[in-house]
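Residue 846 in the working numbering sits at position 148 of the sequence shown, and the numbers go up by one each step.
Beta carbons: idealized from backbone N, C-alpha and C, even for Gly.
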Amino acid sequence: MIRIKRWKMTAGRLLIATLGFTLTATSAVTLADNALSIGISVSDLGNPYFTQIARGAEIQAKQLVGDNANVVVVSSAYDVKRQIEQIEGFVAQGMDMILLSAASYDGVEAAVLKARKAGVKVLAVDVKAKGADATVTTDNTQAGMIACDYLVKQLGGQGRVVIINGPKVSSVRERVAGCKEVLAQSPGIQLLSSDLNSGGGREGGLESMTYLLTQFQQIDGVFTINDPSALGAQDAAQFAGRDDFMIVSVDGAPGVEQQLRAENSLIKATAAQFPNYMAAKAVEAGYRLMQGETLEQTTILIPAELITRETVDSYQGW
């Protein structure tokens, strides 16, 4: 059973509300009878991407140890101090493994090293974390490149483009860098803005796009660092009565998959990630480390797949 815990500081005390649900792994093969406890700290449980990481981790854990798998998931809300407390809490609970979507590459290093010293295997998932045993993440530079390459081609190499940025984590920085690399190769593309932080959420995407629409009379294309931000950017366009630009993004989330099927959607493409597979690979790597094995590689990059209106019907989704 996965147990999701939402952490909140109130009156100086840490309050924990627990919601439980069970997932069933199909065709699970038990490879060992020992128990496996996994603590997962992700950035935002309001984002379905991170929920899929939790699901993928539990399914893989069940394949390894059957019903002896215990997975606890918490959200850091991109708060370094909160995430440090979560890591320390996992160590105190005797977790065998921690999957970590780091709020800061080096901000949680001391807690990561403390966990490893206690014998806990720490796997960085989705973003890099200094000191982790291994990292499993999307090839985020490639994701930004293929999304923005599609945008440039749809614009015919000419147009005014904005980037809606996000939290200062490695995945976001790499996506933006990949996008900018592609945009820079087209002299006819003018990058108007790239610094606004959406926070990776729909509301932040709405706020960022609303501001951009007031600042720039003409916008032809938008790259957002994830799908919730893309949905927010489209909300802003609808509120402003604008339909004269296109949006591309990264994630492959169900909400944007639906938009790609909608005739009047401004969202034209997303570079799909595979959070279930990513989490499964991380659990597999951690379990191998627990058995005393050595990993052939400590950084595993998973290529993103461009999903467009023309290809969405063949997309398997999350």
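### Task
Write down every uninterrupted run of the alpha helix (DSSP H) in the region 776-859 whose length is 4 residues or greater and which is fully enclosed by it, in chain order.
778-790, 807-815 and 838-852
### Message
So, at 6 Å on beta carbons, what are the nonlocal neighbours of K828 in its own chain, with the 5 sequence-adjacent residues on each side left out?
### Response
Here residue 828 is taken as the residue at index 130 of the sequence shown, counted from 1. Y803, D804 and E807, listed in sequence order.
### Task
Look up D949 in the DSSP assignment and give the residues it is bridged to.
Position 251 of the sequence shown, counted from the first residue, corresponds to residue 949. Bridge partners of D949: A970.
### Message
How far does the beta strand (DSSP E) with E1003 in it extend, from its first residue to its last?
### Response
Numbered from 1 along the sequence shown, position 305 holds the residue referred to as residue 1003. That run of the beta strand (DSSP E) goes E1003 to T1006.
### Message
Just verifying my parser: in three-state terms, what is the DSSP assignment at I751?
### Response
If you number the sequence shown from 1, residue 751 lands on position 53. It is helical.
### A800 classed as buried or exposed, judged by whether at least 16 other C-beta atoms fall within 10 angstroms
On the sequence shown, residue 800 is found 102 positions in, with the first residue counted as 1. A800 should be labelled buried.
### Task
Starting from Q888, trace the beta strand (DSSP E) both ways and give me its first and last residue.
Along the sequence shown, one-based indexing puts residue 888 at 190. Its beta strand (DSSP E) spans residues I887 to S891.
### Residue(s) in a DSSP beta bridge with N1023
Here the chain covers residues 699 to 1016 and nothing more, so residue 1023 does not appear.
### C-alpha distance - V772 paired with A813, whole-angstrom precision
Position 74 of the sequence shown holds residue 772. Position 115 of the sequence shown holds residue 813. Computed Cα separation, rounded: 17 Å.
#### Entry: Own chain residues within Cβ distance below 6 Å of L911, not counting five before or after
For the purposes of this step, residue 911 is taken as the residue at position 213 of the sequence shown. Cβ within range, chain order: A938.
### Closest by C-alpha distance to I738, when choosing among N732, K819 and D765
In the sequence shown, residue 738 corresponds to position 40, counting from 1. The candidate whose alpha carbon is nearest that of I738 is K819.
### Query
Pick from Y1013, G787 and I844: whose alpha carbon is nearest that of V954?
Position 256 of the sequence shown, counted from the first residue, corresponds to residue 954. Nearest option by C-alpha distance: Y1013.
#### Entry: Integer-rounded CB distance, given that A759 should sit under 8 Å from L734
Start at 1 with the first residue of the sequence shown, and residue 734 comes out as number 36. Start at 1 with the first residue of the sequence shown, and residue 759 comes out as number 61. Right, their Cβ atoms sit about 5 Å apart.
### C-alpha distance - R940 paired with F972, whole-angstrom precision
Within the sequence shown, numbered from 1, the residue matching residue 940 stands at position 242. Within the sequence shown, numbered from 1, the residue matching residue 972 stands at position 274. R940 and F972: Cα-Cα distance of roughly 32 Å.
### Query
Cβ of T922 within 8 Å of Cβ of G903?
The residue you call residue 922 lines up with position 224 of the sequence shown. The residue you call residue 903 lines up with position 205 of the sequence shown. Yes, the pair counts as a contact, with Cβ atoms nearer than the cut-off.
### Query
Thinking just about the alpha-carbon of each residue, which of A960, T839 and D824 is nearest to the one in T833?
Residue 833 sits at position 135 when you count from the first residue of the sequence shown. It is D824.
### Query
What three-state label does DSSP hand I937 in the structure shown?
Residue numbering aside, residue 937 sits at position 239 when the sequence shown is read from its first letter. At residue 937 the sequence reads Phe, which differs from the Ile that was named. In the structure shown, F937 sits in a helix (DSSP, three-state: H, G or I).
### Task
With a 10 Å radius around its C-beta and 16 neighbouring C-beta atoms as the bar for buried, classify P865 as buried or exposed.
Position 167 of the sequence shown, counted from the start, is the residue given in the question as residue 865. Buried: at least 16 other Cβ atoms inside 10 Å.
### Message
Between which residues of its own chain and G1018 is the CB-CB distance below 8 Å, once the five residues before and five after are set aside?
### Response
Here the chain covers residues 699 to 1016 and nothing more, so residue 1018 does not appear.
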